[in-house]
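J.:
There are 2 protein chains.
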Amino acid sequence: MTDEFNLIARYFAPLAGPEGLGLKDDAACYHPKAGIDLVITKDVLVSGVHFFPDDDPFLLAQKALGVNLSDIAAKGAVPQFYFLGLCLPDSVSEQWLHSFSSGLLELQQEYEFTLAGGDTTSIKGPLVISITMIGHANEGCMTKRSGAKAGDGVFVTGTLGDAAGGLKVIENKLTGFDFLRERYYLPQPRLKFGVAAARYITAMADISDGLIADLGHICSASEKGATIQQQLLPISDSVSQMITAGFAEPCMIWAGGDDYELVFTANLNDMASIFAVAEEIGISATHIGMIDNTGEVRLVDPKGNLVHVKHKGFQHFR
Amino acid sequence: MTDEFNLIARYFAPLAGPEGLGLKDDAACYHPKAGIDLVITKDVLVSGVHFFPDDDPFLLAQKALGVNLSDIAAKGAVPQFYFLGLCLPDSVSEQWLHSFSSGLLELQQEYEFTLAGGDTTSIKGPLVISITMIGHANEGCMTKRSGAKAGDGVFVTGTLGDAAGGLKVIENKLTGFDFLRERYYLPQPRLKFGVAAARYITAMADISDGLIADLGHICSASEKGATIQQQLLPISDSVSQMITAGFAEPCMIWAGGDDYELVFTANLNDMASIFAVAEEIGISATHIGMIDNTGEVRLVDPKGNLVHVKHKGFQHFR
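Protein chains in written order, with UniProt numbering: chain A, 1 to 318; chain B, 1 to 318.
Below, the structure written as structure tokens:
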């Protein structure tokens, strides 16, 4: 492999925006616009933990950016630029880097943001991808996790458990289920919805650890609880088929991570406006429950009985 | 080990500033002040590459922050807040985390900046520390690498080769040389000097890869060259002793990394002002050569002969 400076010049400098100074400086320089808040998020992905070592580098690049874009979406913000840290093991080839940087470029062009800097090092161990992304929100308008009020409705975009289903399809080498495989490899950050619906939303997070876990983060930050109706949880036909066929447990719906849909809370008076925004953008939004003062997230079945939640979602160090 | 949320609450939330929202949200929210530019830098440190697996976690935390603070110093900026990505192998204990976070806190208090967010994951491999740091510079005043002009003087702060000497002391288990050991483990970011001298400086970088390599970055970004006088390079008594005793080669002076001193260029008319700033702060600054149009960095001996530079500095993937 070429040295790190050639590597940066060849694969990453072409991705850089004006803040990045051609990736030739110690730092990026950015002059913020008036009237905006900066929304900054950082996610680290590790081979063997967050992705498979033999994952297609083009898709992997998009997933690594996608999980950060999803955080930006959950804050009702618009992505601007990002910093890329890469720890590359010996096994990474120039072809891998070419494909990886092409994946970055495609998403950059789709959502109109650029690379501003980063760091590239060797590692005797698994590939690590560390991304810090910076977005814009109108001043005071970032949708925090902490704004949920008792009596607010709880909503989700899209369908739940698809990525967990995709992971099972990949791990068990099942044929078919291309939709689920794609949902796992190519999460769609809900950026348009996040920005357009932000004014109606009291609290929002993206679903990376699983519905119960991420709604739990909203409840914890808001010092509230929530009651979710099991029969209201939106699922795809593919997830329904997987459960019916015995390939997966229903808990994948509320405990499966990596869907990168949004879970959010809003005053029920704004429900019609929210559904109108979702329809205009062409995604689904579903009312699944209510915020309350119970201090915990409870899942109930159609008869009102509590569903015992064994797996609350993905956790490191357990 | 406790789960990641307890770990964050216990060790890292106490380090967070207002932008960090208690480390309970998907992102940090920051409202920039008028009249400032944001200076943003990212450095990734990998166990076995940038530090030893058994390094004291308190010192390691300070080194990881220090290399980022040094980048901020090199841009004439003031640190504000940072994002911390940690990939933790199983071997990391709660005691390690306690010591690591204590090290972070001490430097935060010394230089008055805070933690704003991050990500903590497991890894089956070496410990990885990824830091993104954000500083403030007055609008348009960031000292870039690209501003060097032919006829400018080349200067460095402090002494050169100390950290490379420290590394040799540690690797070869030499006794004594505590000064060099400390220079390796505890780089002193030249923040005060960077800010105070910025107005006189045409281009600046910190010395992380070695003098020749980092001055090379300035020359490359500025499309210039430089000629450096070997006999003018400032070295400590300890490095002098190491070379005399045969423990190290003279090339450690110009090719040794990790000193985290500053190399900068300035019009010679401003030399007196620069030395006055350095004296007031209590560090040394030394005039070591000149910027020219040769397109390369050349080292010359007292007779004007070119010194052959075998090792230009640290590179990954060589």
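All C-beta atoms in this analysis are idealised placements derived from N, C-alpha and C, irrespective of residue type, glycine included.
Hey, does P189/B have any beta-carbon neighbour from chain A nearer than 8 Å?
T.: no
J.: Would the beta-carbon of D258/B fall within 8 Å of that of Y184/B?
T.: yes
J.: What residues from chain D crowd round V44/A, counting only those whose CB sits closer than 7 Å?
T.: The structure shown contains no chain D; its protein chains are A and B.
J.: Could you give the C-beta distance for F81/A and L115/A, rounded to a whole number, given that I count them as a contact under 8 Å?
T.: 7 Å
J.: Name, in chain order, the residues that DSSP records as bridge partners for Q229/A.
T.: V300/A
J.: Could you check what DSSP says for G161/A in three-state terms: helix, strand or coil?
T.: coil
J.: Distance check for R145/A and R318/A, CA to CA, integer angstroms please.
T.: Reliability of the predicted coordinates at R318/A is poor, the pLDDT of 47 falling under 50, and no value is obtained from them.
J.: Since L23/B and A16/B are thought to touch, with beta carbons under 8 Å apart, how far apart are those beta carbons, to the nearest angstrom?
T.: 5 Å
J.: Can you tell me whether DSSP reads F51/B as helix, strand or coil?
T.: strand
J.: Going along the chain, which unbroken runs of the alpha helix (DSSP H) with 4 or more residues stay wholly within the UniProt domain "PurM-like C-terminal" (149 to 300) of chain B?
T.: If only complete runs of 4 or more residues are kept, the UniProt domain "PurM-like C-terminal" (149 to 300) of chain B shows the alpha helix (DSSP H) at 162 to 171, 178 to 185, 191 to 197, 211 to 222, 237 to 244, 252 to 255, 271 to 281, in order along the chain.
J.: Under 8 Å between C-beta atoms, does P79/B make it to chain A?
T.: no
J.: Find the nearest neighbour of N172/A within the set H287/A, Q188/A, L84/A, F247/A, judged by alpha-carbon distance.
T.: Closest by alpha carbon: F247/A.
J.: Look at G194/A and A266/A and say whether their C-beta atoms are less than 8 Å apart.
T.: no
J.: Please check if any C-beta of chain B sits within less than 8 Å of the C-beta of E223/A.
T.: no
J.: State the beta-bridge partners of H308/B as determined by DSSP.
T.: Bridge partners of H308/B: none, in fact.
J.: Assuming the contact rule is C-beta atoms closer than 8 Å, S284/A and G158/A should be a hit. Round their C-beta distance to whole Å, please.
T.: 6 Å
J.: Can you grab the Cα-Cα spacing for the pair S122/B / V300/B, in whole Å?
T.: 49 Å
J.: Flag this pair as yes or no: are the beta carbons of Y260/A and G135/A separated by less than 8 Å?
T.: no
J.: Could you run through the segment 130 to 144 of chain A and flag, in chain order, every residue whose CB is less than 7 Å away from some CB of chain B?
T.: S130, T132, E139, M142, K144
J.: Look at the Cβ atom of I40/B, then the Cβ atom of A64/A, and state whether they are nearer than 8 Å.
T.: no
J.: Which runs of the alpha helix (DSSP H) fall wholly inside the UniProt domain "PurM-like N-terminal" (25 to 136) of chain B and span at least 4 residues, in chain order?
T.: 57 to 74, 94 to 111
J.: For H31/B, go through chain A and note every residue whose CB falls closer than 7 Å to its CB, in chain order.
T.: D37, E139
J.: Taking C-beta pairs closer than 9 Å, name the residues in chain B that A276/A reaches, listed in chain order.
T.: Simply none; closest approach about 25 Å.
J.: Can you tell which of S220/B, W254/B, E249/B has its C-alpha closest to the C-alpha of L232/B?
T.: W254/B
J.: Residue range of the alpha helix (DSSP H) that E4/A falls in?
T.: Where E4/A is concerned, the enclosing alpha helix (DSSP H) stretches over 4 to 7.
J.: Does K124/B get closer than 8 Å to chain A when you measure Cβ to Cβ?
T.: yes
J.: Compare the C-alpha of N138/B against each of I281/A, H31/A, G256/A and name the closest.
T.: Looking at the Cα atoms, H31/A is the closest of the given residues.
J.: Among residues of its own chain, excluding the 5 on either side of F51/A, which ones have a beta-carbon nearer than 7 Å to its beta-carbon?
T.: L45, L60, K63
J.: Classify K310/A as buried or exposed, calling it buried when 16 or more other Cβ atoms lie within 10 Å of its own Cβ.
T.: K310/A is exposed by the Cβ-count criterion.
J.: What is the C-beta distance between A148/B and A203/B, in whole angstroms, given that I count them as a contact (C-beta under 8 Å)?
T.: 4 Å
J.: Pick out whichever of Q109/B, M133/B, T120/B has its Cα sitting closest to the Cα of G117/A.
T.: That would be M133/B, whose Cα lies nearest to the Cα of G117/A.
J.: Please identify, using Cβ separations under 8 Å, the residues of the UniProt domain "PurM-like C-terminal" (149 to 300) of chain A that lie next to chain B, in order along the chain.
T.: A205, D206, H217, S220, A221
J.: For K75/B, which residues in chain A fall below 9 Å Cβ to Cβ?
T.: Contacts between K75/B and chain A, judged by CB atoms closer than 9 Å, involve D25, D26, A27, C29 in chain order.
J.: Roughly how many angstroms lie between the CA atoms of M290/B and D71/A, to the nearest whole one?
T.: Between M290/B and D71/A, the alpha-carbon positions lie close to 48 Å from each other.
J.: Please report the Cβ distance between V263/A and D209/A, rounded to the nearest whole angstrom; I am assuming they are in contact, meaning their Cβ atoms lie under 8 Å.
T.: Their Cβ separation, rounded to whole angstroms, is 11 Å, which puts V263/A and D209/A out of contact at 8 Å.
J.: Would you list the one or two residues that DSSP bridges to A13/B?
T.: None; A13/B has no bridge partner.
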